[in-house]
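What follows is a short report on a single structure.
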């Protein structure tokens with residue numbers, strides 16, 4: 613069995629952002645030499661997310677608007693923020709959007725359904741955060 617581990621680092625200038633990381637994940641899969649297996653992509657920070665969806669800007673705006681309605685940025689509103697933080701909303705947004713994805717590798721390629729892409733969701737940006745890409749297989 614082969615495996616490969618790489619870390620991607622993101623530092624968004626905005627507090628919230630969605631970044632298509634499919635090309636970076638594809639490069640890690642290709643470098644691994646795995647023809648049949650799985651790739652795990654995991655946001656290694658509790659105020660960021662990795663998810664799969666369509667790469668359509670209107671949809672991303674809808675995600676942002678929807679998440680802001682569910683958990684608005686309102687530092688005075690959350691118990692967590694009484695610890696000196698101001699990012700309780702980011703923790704809640706991450707919980708909704710998810711921590712990680714697993715994608716099949718078939719014939720050395722990411723085995724997606726139509727329109728599927730991998731995204732990094734940032735909900736408390738403006739500092740470096742890592743994403744784990746772990747490939748395993750034959």
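In the numbering used here, the protein residues as written are 613 to 750. For every residue, glycine included, the Cβ atom is placed at its ideal position computed from N, Cα and C. Note that this is a predicted model, so its numbers are computed, not measured.
Does residue i come out as helix, strand or coil in the three-state DSSP assignment?
i, result
"residue 693", "helix"
"residue 648", "strand"
"residue 634", "helix"
"residue 670", "helix"
"residue 742", "strand"
"residue 622", "strand"
"residue 700", "helix"
"residue 686", "coil"
"residue 724", "coil"
"residue 731", "strand"
Could you tell me whether any non-hydrogen atom of the ligand FAD is closer than 6 Å to the CB of residue i?
i, result
"residue 623", "What this structure holds is no ligand at all, so the ligand FAD is not there to describe."
Using a 10 Å radius around the Cβ and a threshold of 16 neighbouring Cβ atoms, would you call residue i buried or exposed?
i, result
"residue 688", "exposed"
"residue 620", "buried"
"residue 671", "exposed"
"residue 709", "buried"
Apart from the five residues on each side of it in sequence, which residues of its chain come closer than 6 Å, Cβ to Cβ, to residue i?
i, result
"residue 759", "Outside the displayed span of the chain (613 to 750) sits residue 759, for which this structure offers no information."
"residue 683", "701, 704, 705"
"residue 623", "740"
"residue 679", "705"
Am I right that residue i and residue j are in contact with their C-beta atoms under 8 Å? What's the rounded C-beta distance?
i, j, result
"residue 629", "residue 737", "6 Å"
"residue 618", "residue 662", "The pair is not a contact, with the Cβ atoms about 14 Å apart (cut-off 8 Å)."
"residue 647", "residue 733", "30 Å between Cβ atoms; not a contact."
"residue 632", "residue 735", "Contact flag wrong, Cβ pair sits at about 17 Å."
"residue 660", "residue 616", "About 22 Å separates the two Cβ atoms, so there is no contact after all."
"residue 614", "residue 645", "6 Å"
Excluding the 5 residues flanking residue i on each side, which residues of the same chain have their C-beta closer than 7 Å to its C-beta?
i, result
"residue 658", "703, 706"
"residue 626", "737"
"residue 698", "687"
Does the beta-carbon distance from residue i to residue j come in below 7 Å?
i, j, result
"residue 725", "residue 649", "no"
"residue 651", "residue 743", "no"
"residue 637", "residue 714", "no"
"residue 676", "residue 727", "no"
Keeping to the same chain, check which residues put their C-beta closer than 8 Å to that of residue i; ignore five residues upstream and five downstream.
i, result
"residue 729", "632, 634, 664, 665, 666, 667"
"residue 690", "700, 701"
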